[in-house]
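The numbering of the sequence shown is the numbering used here, which starts it at 353 and goes up by one. Backbone N, C-alpha and C define an ideal beta-carbon position, used for all residues, glycine too. First comes the structure, then the notes that go with it.
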Amino acid sequence: MSKKIYVVKIVIVVMFIIASCYFIDMPQTAVKKKSAYPDNITEKETVTGNIKRYDYVDENGNITYVNGLRCATVIKTYDEKERLVKVEYLDAKGNPAEQSDGSCSRVIEYIGEEDNITTYYDETGKKYTNYQGYCSLKTEGNKETGITHTFLNEKGEPVMLTLGYAIRTRTYKDGSCYEMYFDTQRNPVELGHGQYGVKYTGNKVAYLDINGKVFYPLNMILNAFPFLIIIAGIFISVFMVLLPKKLSMLLIAAYMLFIVYMTLLFRGGQERFDISPFWSYRKFFEDA
């Protein structure tokens, strides 16, 4: 390698490092939160006894179906303690309107002061089992004592969801939410790669092991700290410049194998791990 070519490569690497640092520190453009309905639609509230009706009307006063809300009218019923006990969704003609989970209404039955069971219903008024596999959601506890969600079938029995668990617990501590997963017998459920739960702290996410302790698998580290990919790229670029040609080629081959592993064979998130070639690409086209 001539001295001139060597200097040029060093300059390119230095420029890449400077550019990377600039883009890492560059502030992100704030995304303006959009309203659930257009500007020409307004919400009209009507209160009759313990029932509150919300109609979404256009500039002419006509009740209008709003795509963002998947309905034209929402009717909420409260009990004598002013607790919400029923929610109904209607279209512009007053017919049941299907929500994103497939249900058209839900009924909340209270057990004591706080605990409750929410049951979902379809357009015919029959109990509805959504795509995740549950018909009712039993909620126990509060943020001070911890919250337990038990997913139930039409018979009121705990049921395993398509996500792989039947019970979800949430514990709030020091500004963080610790979420753990269990089966119908309250045994811990592994979602994959030793992950039994998730810790939420603001916008940050960390995985929890079977003991509820934070651990850091490779995929979580890369998801939480994407700038590490840039740093890795910088080091790889430097080594490619400094190493002999054969070693440089080996480094490239190792890097390509790593990319193949992460993009073709690796299954992340709340789905169990298995070797499924081209899974990420098939998943992309299925969700498109």
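Spatial neighbours of Lys404 in its own chain (CB-CB distance under 7 Å, excluding positions within 5 residues in sequence) are listed in chain order as Glu397, Lys428.
For Met532, the enclosing beta strand (DSSP E) starts and ends at 528-534. In the three-state DSSP reduction, Tyr607 falls in the helix class (H, G or I).
DSSP places Phe587 in the helix class (H, G or I) of the three-state scheme. Taking a C-beta distance under 8 Å as the contact criterion, Gly485 and Met512 qualify as a contact pair. Here Thr500 is bridged, per DSSP, to Glu492, Thr521. The C-beta separation of Leu603 from Phe591 comes to about 6 Å, placing the pair in contact by the 8 Å criterion.
Counting the other CB atoms within 10 Å of its CB gives Met601 a total below 16, which places it among the exposed residues. Rounded to whole angstroms, the Cβ separation of Tyr517 and Val541 is 4 Å, and the two are in contact under 8 Å. Beta-bridge annotation (DSSP): Gln547 is paired with Gly544. In this structure, DSSP gives Ile582 a helical state, which the three-state scheme calls helix. Using a Cβ distance threshold of 8 Å, Met532 and Gly564 count as a contacting pair. Setting aside the 5 residues that flank it on each side, Thr416 is surrounded in the same chain by Ile393, Tyr408, Val409, Asp410, Ala424, Ala444, each with a C-beta closer than 7 Å to its C-beta; the list follows chain order.
When the beta-carbon positions are compared, Tyr548 and Cys529 stay at least 8 Å from each other. Excluding the 5 residues flanking it on each side, Arg435 has same chain C-beta neighbours closer than 8 Å at Ile460, Tyr462, in chain order.
Of the candidates Gly464, Asn482, Leu515, Thr497, the residue whose Cα lies closest to the Cα of Gln451 is Asn482.
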